[in-house]
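Only one structure is covered here, and it is reproduced in the block below.
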Amino acid sequence: MKFRARLRDATLFLKLIQTIEKIDRTCTVHLTPKKVQFIMVKRVDDGFQVWSAMNASSLFNEYLIESKSNNEITFTINLMHLGKAIKGGDKTTPQDILLRLTKRDNVSYLSLAMDVSVTRTMMVTQDVPIQPLPIDQFRSFKEPSLPNPDIVIMLPQLKAMRNVIERLKDLDTILTIEANMGGEMILKIQTDMVSIATFYKNLDHPQLDGRITNEGPEVISSSRPYARHLLHCERHSTSPP
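Sequential numbering from 12 applies to the sequence shown in the numbering used here.
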């Protein structure tokens, strides 16, 4: 099998894997001629899982993939090691990074070739060990099915929202989120000792293809996630520059 790709935006790619790494360091990567998927199957302790998919053209300028499994490649990788390899030991993330699958001494690697500036510019190759997965094993993974949402709402400015959640999580591990189709959302915690809420108004409601909500503007839906899990969620654009 062959895989060779040049990153379109190394900084964006680094932020993406750092976000997923906050959930778990080990991730399954599934490559097809059109898409790239980052997958973490359901964990026993809290049921948390990741199933992220994006167009390969959003991540890579050059993209070549060949295999006997319908030109699909699947492997597991340590995202912390991958992040360190992308940084290349430099203070700034190299922007021109070439990814390849290699093999030495019967060990498979994802190799990253990049130009790194120290006292002078030099080509550096970082090898991150991977564990190839048979396509049949990948087929046993089941993408989580999501029902039609009760509420569809745009979040407020993420940095400000993150600051609020950081403060609330020190008071309780569980955060209550309430929202309606009238552009209103509430973040709150409630314990025997204290009750604190932050209110947001005039939020937008995007249209999602094939996912329709029939709730009226005054009907409130709620969820109670772990605050630390919500802090791991960030938005990164994958649109080409």
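For each residue, glycine too, the CB sits at the ideal point set by N, CA and C.
Checklist line | the stretch 88-100 touching the stretch 17-37, judged by at least three CB pairs closer than 8 Å | finding: yes
Next item on the list: Look at V139 and M125 and say whether their C-beta atoms are less than 8 Å apart.
Entry: no
Checklist line | Paired residues, beta bridge with P140 - DSSP | finding: Y120
Notebook entry, point to check: Which whole-angstrom value describes the C-beta separation of S78 and M12, a residue pair presumed to lie in contact below a C-beta threshold of 8 Å?
Noted result: 4 Å
Checklist line | Close Cβ partners of L144 (< 8 Å) along its chain, the five nearest in sequence each way excluded | finding: T39, T85, F86, T87
Checklist line | Beta carbon of I162 nearer than 8 Å to that of S232 | finding: yes
Notebook entry, point to check: So is R235 in contact with chain C if we call contact Cβ pairs under 8 Å?
Noted result: The displayed structure is made up of one protein chain only, and chain C is not part of it.
Next item on the list: Report back the beta-carbon spacing between L112 and E83 to the nearest angstrom; my notes put them in contact at under 8 Å.
Entry: 13 Å between Cβ atoms; not a contact.
Margin query: Classify F24: buried if its beta carbon has 16 or more other beta carbons within 10 angstroms, exposed otherwise.
Written below: buried
Check: Which partner residues of I76 appear in the DSSP bridge assignment?
Finding: F14
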